[in-house]
Amino acid sequence: MRLRKGVGGLQDPPPNLIEVKPLIRIYPVHPDRRRQDFLRWRAKARWRAIRLAALILGFGFELATEREIRVMPSLANAGAMRRCSDSFFPARWEKLGRLALLRLPHESSIPELARVLPPDIDAFSVALRLAWRGELVLDPSEVWSRTTKFVRG
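Heads up: the sequence shown begins at 0 in numbering that gives the first Met the number 0, then just goes up one per residue.
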């Protein structure tokens, strides 16, 4: 195995081989239950062998599905989140948002948050700020909007 030297002579972490596959390739479906079990066992053994081969060659290995790879929504969400994560965000909005969350069910949406907030407060910005703080969780696989659903964190 080749050692890669990084800053200060320290060994760099090994690069990862990332394989992205549709769910049907990882969890095959077949009408016959026994055949499906065999196909899933074979797929699992195949990914285990690929992971072992990558490790032997000095690489890490990650298997991802199309659900986990969402580049464009993540970029759009990061831009929206960045606008609400600075020190200029009104502390009053954040405090009222926390209090409003307590009056909502565990699973809720931004329009429901807007109904319990005063009319001069932007519920979307408050939701992004509270998500940045870890107090609620927005779905990362979709582009966040004023109709997005969330779960309290």
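Using N, Cα and C, we set each Cβ at its ideal position, and we do this for glycine too. Just so it is clear, the structure is predicted and the values come from calculations on it, not from any experiment.
C-alpha distance - residue i paired with residue j, whole-angstrom precision
{"i": "residue 44", "j": "residue 139", "result": "30 Å"}
{"i": "residue 97", "j": "residue 58", "result": "44 Å"}
{"i": "residue 38", "j": "residue 22", "result": "13 Å"}
{"i": "residue 86", "j": "residue 94", "result": "14 Å"}
{"i": "residue 128", "j": "residue 29", "result": "45 Å"}
{"i": "residue 149", "j": "residue 63", "result": "24 Å"}
{"i": "residue 120", "j": "residue 75", "result": "22 Å"}
{"i": "residue 104", "j": "residue 111", "result": "10 Å"}
{"i": "residue 83", "j": "residue 145", "result": "14 Å"}
{"i": "residue 118", "j": "residue 101", "result": "18 Å"}
{"i": "residue 33", "j": "residue 81", "result": "50 Å"}
{"i": "residue 72", "j": "residue 17", "result": "20 Å"}
Of the residues the options, the one placed nearest residue i, counting alpha carbons only
{"i": "residue 77", "options": "150, 131 and 18", "result": "131"}
{"i": "residue 20", "options": "103, 91, 105 and 65", "result": "65"}
{"i": "residue 14", "options": "122, 144, 56 and 29", "result": "56"}
{"i": "residue 42", "options": "25, 35 and 72", "result": "25"}
{"i": "residue 107", "options": "18, 33, 147 and 34", "result": "147"}
One or two residues paired with residue i in a DSSP bridge
{"i": "residue 152", "result": "Looking at the DSSP assignment, residue 152 forms no beta bridge with any residue, so it has no partner."}
{"i": "residue 135", "result": "151"}
{"i": "residue 64", "result": "20"}
{"i": "residue 111", "result": "None, per the DSSP bridge assignment."}
{"i": "residue 59", "result": "15"}
Beta-carbon gap between residue i and residue j smaller than 7 Å
{"i": "residue 60", "j": "residue 50", "result": "yes"}
{"i": "residue 136", "j": "residue 92", "result": "no"}
{"i": "residue 152", "j": "residue 134", "result": "yes"}
{"i": "residue 109", "j": "residue 88", "result": "no"}
{"i": "residue 115", "j": "residue 99", "result": "yes"}
{"i": "residue 79", "j": "residue 143", "result": "yes"}
- Task: Any chance you could list the alpha helix (DSSP H) runs of at least 4 consecutive residues sitting entirely within the stretch 66-98, in chain order?
- Result: 70-82
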